[in-house]
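>
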Amino acid sequence: MKIPVQSRHALIISGNLEANNFSGTVPSDLGRLINLHTLILSSNRLTGTLPASLAELSNLKDLIIDNNLSGSIPNFIENWRQLNKLTNWDGAFGTDSFIHFFLNLTNVRTCELSGPTQRFPPLDNVVGLLTLM
2 MKIPVQSRHA LIISGNLEAN NFSGTVPSDL GRLINLHTLI LSSNRLTGTL PASLAELSNL
62 KDLIIDNNLS GSIPNFIENW RQLNKLTNWD GAFGTDSFIH FFLNLTNVRT CELSGPTQRF
122 PPLDNVVGLL TLM
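Residue numbers (the numbering used here): 2 to 134.
Now the structure itself:
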């Protein structure tokens with residue numbers, strides 16, 4: 002099933018695509034939604050990696066994923082300076098990769114980790130975190 006995305010200038014600020022039975026890769030067209038504040042991709046059957054075009058989502062505040070995504074979290078996630086909530090249910094990217102990037106996101110207020118057993122991350126440099134689950 003294809004996720005519909007129309008225009009780079011769309012004023013869409015929330016993309017809740019949760020539980021729509023989408024399959025395949027995350028479409029690169031989502032990077033066109035430059036005003037997006039929330040992107041929820043959980044409870045689908047998405048695979049592959051996050052496309053590089055998502056680097057354009059500089060207004061993103063909330064990202065919720067839990068699919069069978071592979072590889073590491075892309076470096077561009079550190080450019081999402083407004084990111085407040087990052088949820089990685091079921092260890093979508095592998096936990097070690099997730100923790101590494103989580104520690105570099107200074108504005109994250111809520112971070113939810115789930116997945117295989119992992120060691121607890123050092124929190125010495127995390128200044129804005131309010132909730133860690």
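Yeah, the Cβ is synthetic: ideal placement off N, Cα and C, and Gly gets one too.
Would you decide whether Ile78 is buried or exposed? Buried here means 16 or more other CB atoms lie within 10 Å of its CB.
Along the sequence shown, one-based indexing puts residue 78 at 77. Counting Cβ neighbours within 10 Å, Ile78 comes out buried, since at least 16 surround it.
> So what's Leu31 in DSSP terms, helix, strand or just coil?
As a working note, residue 31 is residue 30 in the sequence shown. Here Leu31 sits in helix by DSSP.
> How big is the Cα-Cα spacing for Leu87 and Leu12?
Locating residue 87 in the sequence shown gives position 86, counting from the first residue. Locating residue 12 in the sequence shown gives position 11, counting from the first residue. For Leu87 and Leu12, the distance between alpha carbons rounds to 22 Å.
> Starting from Asn17, follow its DSSP beta bridges and name the residues at the other end.
Here residue 17 is taken as the residue at index 16 of the sequence shown, counted from 1. Answer by DSSP bridge pairing, in chain order: Ile41.
> Can you give me the start and stop residues for the beta strand (DSSP E) that Gly49 sits inside?
As a working mapping, residue 49 is identified with position 48 in the sequence shown. First-last of the beta strand (DSSP E) with Gly49: 46–49.
> To the nearest angstrom, report how far apart Asn50 and Asn80 are at their CA atoms.
Within the sequence shown, the letter at position 49 stands for residue 50. Within the sequence shown, the letter at position 79 stands for residue 80. Before going further, note that residue 50 is Thr rather than Asn in the sequence given. Each residue's Cα considered, the two are about 17 Å apart.
> Keeping to the same chain, check which residues put their C-beta closer than 8 Å to that of Asn17; ignore five residues upstream and five downstream.
Taking the sequence shown and counting its residues from 1, one reaches residue 17 at position 16. Correct list, in chain order: Thr39, Ile41.
> From Ala20 to Asp30, what does the alpha carbon distance come to, in whole angstroms?
Indexing the sequence shown from 1 puts residue 20 at position 19. Indexing the sequence shown from 1 puts residue 30 at position 29. Between Ala20 and Asp30, the C-alpha separation is close to 19 Å.
> Drop a sphere of 10 angstroms on the beta-carbon of Ser24, count the other beta-carbons inside from all chains shown, and report buried for 16 or more, exposed for fewer.
Translated into positions along the sequence shown, residue 24 becomes position 23. Ser24 comes out exposed.
> Closer than 7 Å by C-beta to Gln83: which residues in its own chain qualify, once you throw out the five before and the five after it? Chain order, please.
Position 82 of the sequence shown holds residue 83. If we look at Gln83 and ignore the five residues flanking it on each side, its Cβ neighbours are Asn60, Leu61, Lys62, Asn108.
> Determine the closest residue to Leu58 out of Gly32, Asn89, Asn22, Leu70, with distance taken between C-alpha atoms.
To locate residue 58, count along the sequence shown from 1; it is residue 57. It is Gly32 whose Cα lies nearest to the Cα of Leu58.
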